[in-house]
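A.B. asks: Got a structure for you, written out below as structure tokens; questions coming shortly.
Numbering (my numbering), first residue to last: 1335 to 1412.
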């Protein structure tokens, strides 16, 4: 068994698969929306327990999700 192949013996590289990232980005952003709704329900209890920073984590997740969706949509158009 040889480790190296000559260029003439190599198979052509496959075309990259086209993936639709919109579903993944929307699902992640929706998960952050659910998390922020849960935080608003139990926010006082979470803040008293020292987890008030979770609100900003949810806001950051939503913001990054929106930015990611814009990037995916712009990349899809080009």
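Where is the CB? At the ideal position from N, CA and C, for every residue including glycine.
Could you tell me the distance, in whole angstroms, from the CA atom of residue 1382 to the CA atom of residue 1355?
C.D. replies: 38 angstroms
A.B. asks: Would you identify the three-state DSSP class for residue 1355, choosing helix, strand or coil?
C.D. replies: coil
A.B. asks: So, at 8 angstroms on beta carbons, what are the nonlocal neighbours of residue 1366 in its own chain, with the 5 sequence-adjacent residues on each side left out?
C.D. replies: 1392, 1395, 1396, 1399
A.B. asks: State whether the stretch 1344 to 1359 contacts the stretch 1401 to 1411, with contact taken as three or more CB pairs (one from each stretch) at a distance under 8 angstroms.
C.D. replies: yes
A.B. asks: Please check the pair residue 1373 and residue 1389, which I expect to be a contact at CB under 8 angstroms, by giving their CB distance rounded to whole angstroms.
C.D. replies: 5 angstroms
A.B. asks: For residue 1385 and residue 1410, what's the separation of their Cα atoms in angstroms?
C.D. replies: 38 angstroms
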